[in-house]
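Residue numbers (this note's numbering), protein chains in the order written: chain A, -19 to 635; chain B, -10 to 293.
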Amino acid sequence: MKNKIYELVLISFTLAIAIATSIIAVFALNGPMFEVILPGNQIFGQIPLRIDALSAWMILIINFTFVTGVLYGTGYLRHYHDKPKNIRIHQLLFVILHISMILVCSVQNFIAFLIVWEIMAGSAFLLIIFESWNKSTVKAGLNYFIQSHVGILFIMISFIWVIVQTGSMDFNAIRTFSEHVPNPVSITLFFLLFIGFGFKAGFVPFHTWLPYAHPAAPAHISGMMSGVIIKLGIFGILRMLLLIKSSYLVIGEIILFVSIISGLYGVILAIVQHNLKKLLAYHSIENIGIIGIGIGIGSIGLGLHNDFLAIAGFAGGLLHMLNHSLFKSLLFYSAGSVYQQTGTLDVEKLGGLIKKMPHTAGLFLIAALAICGLPPLNGFISEFLIFSGLFAGLKSDSFSFSLFILTAIAALVTIGGLAIICFTKAFGVVFLGTERERFHTEPKEVPFLMLFPKYMVAFMIVSIGIFPQFFLWLLKNPVSLFVPNILNNSNGYFINQVAILSKIGMIGILILSLIFIVYGIKKYFEKTKVVTVSSTWGCGYVVPNPKMQYTASSFVKTYSNLIEPILSMHKSDVVLDQVFPGQKEYSSHNYDKLEFYLIDKNLKWLRKILLKLNFLQNGHIHFYILYGLFFIMLMILVSYGEYLWELLMNFLRLF
Amino acid sequence: MNIIFILIVSLFFTGLVNRTKSIFSGRKGPGILQPIKDIVRLLKKGSVYSSASSFIFQIAPAVYFSTVFIAALFIPFGENPGLISFQFDFVLFAYLLALGKFFNVISALDTGSSFEGMGASREVLYSMLAEPAFFITIGSLGLLSGYSSFSRIFSSIHYSASGSPVIAYSLGILASIVFLFLGLIENSRVPVDDPKTHLELTMIHEVMILDNSGFDLGLILYTGILKFALYGALIANLFFLNTAYIIINVLIFFSFQILFALTVGLVESLMARFRMNQNPQVILMLSSVSLLIFLGVMIITGKI
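Here it is, written out as structure tokens:
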């Protein structure tokens, strides 16, 4: 009873925050910027809260995901009813995360931004380690926490740089600063920020925390992390792109390059994963890559003053942000339902769940089709926009640039193809066929509270797929922040795209109706005929066994042989030494090669150096007090030294 | 209009392929309409469903057929655009085919058979590898013509108009090689797959549909032929003449389709299937051919 009240309070709180901020956001999305300037104090300076169309778009995405997340999460956490304290803290942190994320989108003061960013990162960390009784969960959470702080360090350095140079705490200082420095300097500033926000977004090579944090977190938190938290990284990059006045062409090309690598690398590794949530985590990296390709093309368009490129790129990227938040949260929620019913996420142990959990299976299928970018669902719409930008970008004057864009096209197509391999595997092995292992309790469909939010998301996915023109129309203001006057422009690219998308929506309806007609004809034909149900054709073999099904590893075997140089596979060799060999074991697992070279190797020598300093950490309190004293003395000496230096200088100037 | 032509071609396409093969192996062979008669017979039959399968297995053939049918509506006929035509329509065209493929693959996995899983695994990988070639080819042709939809691209490729007709014509031939191979891969024919093989372990497409029967099987077989005719129509579109008499283009269309069918039959009679582990290389070769087209376009447009 008491738990019920807490649940209701949490849901109504989240709804209240969501509705209140959405109202502001809807106004800001359609009209002028919403701006409040808080007085602040000596240290902060004024704290402007600005919600422009871009923030509004992000806030709406955040709110939708939080509403579905809180509903699903409430159902999900009921499973842990024996740990009421953990749940209570979790619920509190959930609200804090929600508020801090909305503030991240609106605060435009350097210090205040860093503080809300930190609250967001910290509360997300605590939400991830909900299952803190598992050592691996805490480890994964810490991995996230540390990498998130490395990212913050980069953001902080670039903010301090701007503050020192301009003396202003307002975000607009970035604009004034970048206008007055040569291009290489402003590009350097952008890339410091890009790295900082890239850690949050999960661009390769800053992605290594994602595959650990997502599987460790509870399903609704994974859904929200993948859906919106990593999008804040993208949001940060977009915000900086709006502020920095620099050579957009160079910036765009580098974003495009990093994104192609992220997209390909993410999906290449996703296919060989056998943990369902880890697979989805790698797909987040891939989708960040796709969003990045859109943004990259957009800024190249800005650099070339090619409005079509800019509109297609930014609209595609922004729409893919929404789309990815929808289908990825749906996938994580479904994976969470599977986990709750079976107790495992290992795809090799699952199978045939479509008969036990038909709703979950159907929803997973919708999300899987959407993430592969297949029509008539939402993923296709944003990828189509990005594709049209890329194909338009081919028509350039320089050969090398055309070749670069061609590489991007080939990469995006390959990403789509690989995603299809990955999700035919994931859906096919988990939900189809017959069950591979028996569980203690028979899996059954999850309760309504967990299904309803998933249907909400699925509804959005389908409606974006069928009525894409409305959603592109909503993007008119966010896109026009980058490309001014897109509606009144004489070339009318934006209006044209809206018209094309409405055609695509019509074709979507056409496909669905044709499928139903053909299916209906088939049912009609079969009515009068004999329809029998029999076992699967076993090629003459009559005692089939679930173990004989094709497994996930064998499904991707041809593929993994092909890309083995990119993976780092660890295989145990089996030597057959006798005529009648006894029982043998074989195991193989793969590891992220980039993680090995960039993180693990460097950590090793870092540890070696830091171990040398271990004597400092000796556990005696008086030593620590001494360190503090040393530090204070150092500070005094430095300022004193500075004073002496000045004296010396003044003295020298006398001559 | 073009959809009608494609449907007509689909009536005799596989029959023609089979007839070519039979003549080459010294047999008389079945009539040209035999495959369609077989399909009609299948459509009238009852079905057997696997007890392991679910709703997916039942709806997949309908999805497969619908996607290919709608994709056929995109194909232009010379100057006349297809029923559906807009900027960058070829992206939707390719993704529609991918949607059909997706359902085909998961319906194979739905039966829980080890053979069908194997076929599914191969089919999905090969068609993924073939995908970039299509996009690069179409993108290059779009660059050459300066347009970005199927109909505009095809209708404005006037080879003689551009500066170097030799390169331009060779581009047309290269592009038709790409489409020919795509047709072979998408339909799982020799040299990538052999529909006449009788060992499940060596099949790709055929093994995926082992459990389909009756109406479903008929639908899948017909969709395969339709897909062939679709690629044939793409090839024919490369060679249409800019003439006022539409009958000439109709003749060109049908003769190219027949030529396409004969080529498929010839390839199947004269070649053996590649070894399974060589298939990826063969398919990736296609991407390099399409890169050649891109380079050719770059030369014509004077960028290198």
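Built from N, CA and C at the ideal position, the CB exists for glycine as well. For clarity, every value in this text was computed on a predicted model and none was experimentally measured.
Asked	Found
Using beta-carbon positions only, say whether A/N255 and A/P195 come within less than 7 Å of one another.	yes
Where are the beta strand (DSSP E) runs, 3 residues long or more, that stay fully inside the segment 525 to 584 of chain A, in chain order?	548 to 551, 568 to 571
Could you tell me which chain A residues have their CB closer than 8 Å to the CB of B/Q76, listed as they occur along the chain?	S368, N476, I480
CA-CA distance, A/L586 and A/Y192?	21 Å
Answer with yes or no whether the minimum CB distance from A/G408 to chain B is below 7 Å.	yes
Using beta-carbon positions only, say whether A/G293 and A/I277 come within less than 7 Å of one another.	yes
Return no unless some Cβ of chain B is closer than 7 Å to the Cβ of A/P636.	Not covered by the structure: residue 636 of chain A. The range shown for chain A is -19 to 635.
With H, G and I counted as helix, E and B as strand and the rest as coil, what does DSSP make of B/Y38?	strand
Can you list, in chain order, the residues of its chain whose CB lies under 6 Å from that of B/L215, leaving out five sequence neighbours each side?	S(-1), V57
Across the segment 45 to 52 of chain B and the segment 91 to 105 of chain B, are there enough close Cβ pairs to call them in contact, namely three or more that are closer than 8 Å?	yes
Closer than 9 Å, Cβ to Cβ, to anything on chain E: give me those residues from the segment 191 to 210 of chain B, in chain order.	Going by chain labels, chain E is absent from the structure shown, which instead holds the protein chains A and B.
From the beta carbon of A/K483, is the nearest beta carbon of chain B less than 7 Å away?	yes
Report yes if the C-beta distance between A/P448 and A/I361 is below 7 Å; otherwise report no.	yes
With a Cβ-Cβ cutoff of 7 Å, do B/S134 and A/F371 count as a contact?	no
Tell me whether B/F123 is buried or exposed, calling it buried when 16 or more other Cβ atoms sit within 10 Å of its Cβ.	buried
Determine the closest residue to A/V554 out of A/S568, A/S548, A/A0, with distance taken between C-alpha atoms.	A/S568
Of all the options A/V50, A/I501, A/L542, which has the alpha carbon lying nearest to the alpha carbon of B/L208?	A/I501
Does A/I491 come out as helix, strand or coil in the three-state DSSP assignment?	helix
Going along chain A, which residues have a C-beta under 8 Å from B/M107?	Y530, S534
Indicate the three-state DSSP secondary structure (helix, strand or coil) for B/A19 in the structure shown.	A quick correction: the sequence has Pro, not Ala, at residue 19 of chain B. The answer is coil: DSSP assigns B/P19 none of H, G, I, E or B.
Where does A/Y642 land, buried or exposed, given buried means 16+ other C-beta within 10 angstroms?	No statement about residue 642 of chain A is possible, as the shown extent of chain A runs from -19 to 635 and does not include it.
Along the chain, where does the alpha helix (DSSP H) containing B/S277 start, and where does it finish?	268 to 289
Say whether chain A places a C-beta atom closer than 7 Å to the C-beta of B/M287.	yes
Quick one: measure Cβ to Cβ for B/T100 and B/V167, integer angstroms, because I've assumed they're closer than 8 Å.	B/T100 to B/V167, Cβ: 33 Å. No contact.
Under 8 Å Cβ-Cβ, which residues of chain A neighbour B/G35?	E506, K509, V510, V511, T512
Determine, using beta carbons only, whether B/T195 and B/S144 come nearer to each other than 7 Å.	Residue identity check: residue 195 of chain B is Glu in the sequence provided, not Thr. Cβ atoms of B/E195 and B/S144: not closer than 7 Å.
Taking 7 Å as the CB-CB cut-off, is B/S149 touching chain A?	Low confidence applies here, because B/S149 scores a pLDDT of 46, under 50, leaving its location unreliable; read the following figure in that light. It does not; no Cβ of chain A falls within 7 Å.
Using a Cβ distance threshold of 8 Å, determine whether the segment 72 to 80 of chain B contacts the segment 29 to 36 of chain B, with at least three qualifying pairs required.	no
Do you know whose CA, among B/P65, B/S140, B/A218, lies nearest B/L(-4)'s CA?	B/A218
Do three or more CB pairs link the segment 443 to 463 of chain A to the segment 376 to 387 of chain A at distances below 8 Å?	no
In angstroms with no decimal places, state the Cα-to-Cα distance between B/M287 and B/I293.	6 Å
Can you give me the start and stop residues for the beta strand (DSSP E) that A/S227 sits inside?	Unbroken run through A/S227: none, as it is neither H nor E.
In chain B, which residues lie with their C-beta within 7 Å of the C-beta of A/W517?	S102, L199, D200
Mind reading off the beta-carbon distance from A/T188 to A/D572? Whole number of angstroms is fine, and I expect it under 8 Å.	7 Å
Quick check on B/G15 - is its C-beta less than 7 Å from some C-beta in chain A?	no
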